[in-house]
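Novice:
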Amino acid sequence: MKSRLDKIESRIQTIIESSTLLFPWSNRNDILAHQLAEAMQESMITESNGGLIAPTRYTICLNPANLPFWENHQEIFDALVSALQEAAYEAGVIFRSLPTFTLLADAKLTLEEIHIIASNPFEKMGETASLPVLSEIPKEPADPRPPNAFLIIGGSQIFPLRQIVINIGRRLDNQVVIDDPRVSRNHTQLRAIRGHYILFDLNSTGGTYINGQRVAQQTLKPGDVISLAGVPIIYGEDAPPSGWDTGGYTIDIPSLPSK
Numbered sequence: 151m152k153s154r155l156d157k158i159e160s161r162i163q164t165i166i167e168s169s170t171l172l173f174p175w176s177n178r179n180d181i182l183a184h185q186l187a188e189a190m191q192e193s194m195i196t197e198s199n200g201g202l203i204a205p206t207r208y209t210i211c212l213n214p215a216n217l218p219f220w221e222n223h224q225e226i227f228d229a230l231v232s233a234l235q236e237a238a239y240e241a242g243v244i245f246r247s248l249p250t251f252t253l254l255a256d257a258k259l260t261l262e263e264i265h266i267i268a269s270n271p272f273e274k275m276g277e278t279a280s281l282p283v284l285s286e287i288p289k290e291p292a293d294p295r296p297p298n299a300f301l302i303i304g305g306s307q308i309f310p311l312r313q314i315v316i317n318i319g320r321r322l323d324n325q326v327v328i329d330d331p332r333v334s335r336n337h338t339q340l341r342a343i344r345g346h347y348i349l350f351d352l353n354s355t356g357g358t359y360i361n362g363q364r365v366a367q368q369t370l371k372p373g374d375v376i377s378l379a380g381v382p383i384i385y386g387e388d389a390p391p392s393g394w395d396t397g398g399y400t401i402d403i404p405s406l407p408s409k
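Per my numbering, residue 151 is the first one in the sequence shown, and the count goes up by one each step.
(1) What's the call for A366, buried or exposed, on a 16-neighbour Cβ count within 10 Å?
(2) Run through the region 288–352 for me and flag every whole beta strand (DSSP E) of 3 or more residues, listed as ranges in chain order.
(3) In terms of alpha-carbon separation, which member of Y347, P372, K371 and S334 lies closest to V381?
(4) Go through its chain and collect everything with a Cβ distance to I195's Cβ below 6 Å, but skip five positions before and after it.
(5) Going straight from the alpha carbon of P249 to that of I303, what length do you get?
(6) Can you tell me which of the three DSSP states H223 falls into?
(7) Using the Cα positions of F251 and N298, report the straight-line distance between them to the nearest angstrom.
(8) Classify G319 as buried or exposed, calling it buried when 16 or more other Cβ atoms lie within 10 Å of its own Cβ.
(9) Give every residue of the same chain whose Cβ lies closer than 7 Å to the Cβ of T164, excluding the five residues on either side of it in the sequence, and list them in chain order.
(10) Would you please state the rounded distance, in angstroms, between the beta carbons of I162 and L212? I believe it to be under 8 Å.
(11) Going by Cα to Cα distance, which pick from R364, S306, L254 and V327 is closest to P218?
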């Protein structure tokens with residue numbers, strides 16, 4: 151099962167490296183990815199039908215001097231949850247509930263060391279449980295997606311948001327394909343985290359705007375008006391108006407006439 155472990159580790163590292171605002175210490179990303187993947191692998195459960203269940207509790211052991219940074223950057227844990235979910239999905243592994251993280255102080259670790267232990271709710275942590283818990287991320291619902299979320303694209307076509315990660319752009323392998331030359335091939339991404347969709351601009355050429363302001367990352371609220379280089383998108387979380395088209399995945403936006 152080495153190949154599966156390598157696949158999970160590689161995917162986690164790719165996600166972490168793409169989130170430079172969340173993980174400024176790039177020289178430690180490979181260690182973090184390896185620790186997460188190895189911890190997941192060691193505590194994975196194989197069901198009678200051959201299915202694989204990933205552990206949902208992850209304890210991050212750090213030198214006490216490093217704890218303030220982690221405690222003051224909640225977005226780190228949001229990104230780690232997203233990374234684990236995406237890596238597990240691509241490797242055919244299932245989470246029974248949303249992963250949670252706990253920070254533990256371990257004075258035996260140096261400032262450069264990090265140790266991650268994975269477990270399931272019904273398992274004991276062993277000797278590590280005696281360490282003081284300095285910070286615990288609240289338990290989250292199993293489904294991180296907000297209910298009934300959708301996008302209205304181009305003023306007429308509705309795309310229901312049913313996936314945890316949704317990529318938007320011109321490329322045909324995106325979940326939402328917008329056939330408009332103003333839109334980059336990989337323009338923006340939506341990630342469901344803690345009951346909200348968070349928008350990430352993927353270094354697009356024309357930029358991503360929310361309510362007229364250019365953004366790199368922002369949590370979406372119902373009624374937000376998103377613009378992908380001029381293509382209008384409205385984000386909502388109520389039931390869309392009856393009679394509107396909800397079947398389209400490829401959105402064909404007519405090009406603006408050249409001047």
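For each residue, glycine too, the CB sits at the ideal point set by N, CA and C.
Specialist: Let me lay it out:
(1) A366 counts as exposed, since fewer than 16 other C-beta atoms from the protein chains shown sit within 10 angstroms of its C-beta.
(2) For the beta strand (DSSP E) assignment, the uninterrupted runs of no fewer than 3 residues enclosed by the region 288–352 are, from N- to C-terminal side, 300–303, 307–310, 315–319, 326–329, 338–343 and 346–351.
(3) If we check each option's Cα against that of V381, S334 comes out closest.
(4) Residues I203 of the same chain have their beta carbon placed closer than 6 Å to that of I195, with the five preceding and five following residues left out of the count.
(5) The C-alpha of P249 lies about 32 Å from the C-alpha of I303.
(6) Three-state result, H223: coil.
(7) Taking the straight line from one Cα to the other gives about 27 Å.
(8) Buried, by the Cβ-count rule.
(9) So the list is empty, once near-sequence residues are dropped.
(10) The Cβ separation is near 18 Å, so there is no contact.
(11) Among R364, S306, L254 and V327, the Cα nearest to that of P218 belongs to L254.
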